[in-house]
Amino acid sequence: MDNIRGSAWMVLAMLGFAIEDTLLKTATAAVPVGQTLMLFGAGGTFGFLLLTWRRGERAFASEALKATLFTRAIFEITGRLFFLLSLALNTLSSTSAILQATPIAVTLGAAVLFGERVSWQRWLAILIGFVGVLMIIQPSSEAFQVTSILAIIGMIGFAGRDLATRAAPPALSNMQLGVYGFGVLIPTGALYAFWTGGFVWPDLYSGLSIAAGTLVGIGAYYSLTVAMRTGMVSVVTPFRYSRLLFGLLLGFIIFDESVDAMTLAGSAIIVVSGLYILMGNSPRKAAATKEATERA
Numbered sequence: 256m257d258n259i260r261g262s263a264w265m266v267l268a269m270l271g272f273a274i275e276d277t278l279l280k281t282a283t284a285a286v287p288v289g290q291t292l293m294l295f296g297a298g299g300t301f302g303f304l305l306l307t308w309r310r311g312e313r314a315f316a317s318e319a320l321k322a323t324l325f326t327r328a329i330f331e332i333t334g335r336l337f338f339l340l341s342l343a344l345n346t347l348s349s350t351s352a353i354l355q356a357t358p359i360a361v362t363l364g365a366a367v368l369f370g371e372r373v374s375w376q377r378w379l380a381i382l383i384g385f386v387g388v389l390m391i392i393q394p395s396s397e398a399f400q401v402t403s404i405l406a407i408i409g410m411i412g413f414a415g416r417d418l419a420t421r422a423a424p425p426a427l428s429n430m431q432l433g434v435y436g437f438g439v440l441i442p443t444g445a446l447y448a449f450w451t452g453g454f455v456w457p458d459l460y461s462g463l464s465i466a467a468g469t470l471v472g473i474g475a476y477y478s479l480t481v482a483m484r485t486g487m488v489s490v491v492t493p494f495r496y497s498r499l500l501f502g503l504l505l506g507f508i509i510f511d512e513s514v515d516a517m518t519l520a521g522s523a524i525i526v527v528s529g530l531y532i533l534m535g536n537s538p539r540k541a542a543a544t545k546e547a548t549e550r551a
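Under this note's numbering, think of the first position of the sequence shown as 256, with each following residue one higher.
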């Protein structure tokens, strides 16, 4: 029963993140990317501050000054900024599809940085997964979009953030990490906005889109935390890929996006490769992953 509830929470979280992506993409049509990132970061920081205080925790702890947290902040900035740029300049469908390679990149990074043992079958799955990414961006065809590179950089940033989170001090809670993760987006967005031409006064629709995206994003983050603490990691985690389905559907419904056969095939390869890697974890490794995720 816990696995069913955990899986439901995971699907809800992925739906929330897909809606967040849609709302932020909508906002960037009228509000500069840097300003959108700044406002999104401010809203998220305030939301997680409230959640932190509600739990009776300090918003800022001495452990936040550890080098690991600075590394995490750099990857958080990279992931958020380039992912938002990709949402603004590329299709939601393509950006969502490329993002699904994050678990594959995390597995690769864990093997290289943390010395985790990876079987040759999983190495093959990693390689095949990145072939799927190449199929989506189609670098050698006329369909290639340079903006797809932004999504890849964003995906690498998120993978680095997840790896850094695993090494974060255990004393820091999910809510505290949420405060730090969103907090660094405020100066990042402001600096990027100044660099790219300044600020505009958001219209009502754009302002509501950013506010709604922030609220939905906080709710999705909470749902993700509940999911990872409710069911077995090996059962719940594969439902992360439902975000791709939601992204494709919202891209079609909201932005009238079409998806070609190569993108669909590449997405399927990424999902199958990622599922193989996730399902290949032993119970002991799954438990270790759950413990690390609970600190994320």
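Beta carbons are placed, not taken as given, at the ideal position from N, Cα and C, and that holds for glycine.
- Ranked by how close their Cα comes to the Cα of GLY444, the residues ILE532, GLY474, GLY289 and THR362 have GLY289 in first place.
- In this structure, TYR476 keeps its C-beta atom at 7 Å or more from the C-beta atom of ALA319.
- Contact annotation: GLY529 and ILE359 have beta-carbon atoms nearer than 7 Å.
- Annotation for GLY453: PRO287 place their beta carbon closer than 8 Å to its own, counting only its chain and skipping 5 residues before and after.
- In the DSSP assignment, GLU331 falls within the unbroken alpha helix (DSSP H) covering 322–344.
- Secondary structure of GLY444 (DSSP, three-state): helix.
- The C-alpha of LEU470 is placed about 32 Å away from the C-alpha of ILE524.
- A distance below 7 Å separates the beta carbons of LEU347 and GLY506.
- In the pairwise beta carbon analysis, the stretch 301–319 is classified as not touching the stretch 357–373: fewer than three pairs are separated by under 8 Å.
- One Cα belongs to THR362, the other to LEU459, and the distance between them is close to 42 Å.
- Going by DSSP, GLY289 is part of the alpha helix (DSSP H) stretching over 288–309.
- By a beta-carbon distance limit of 8 Å, LYS280 contacts ALA343. Their separation comes to about 7 Å.
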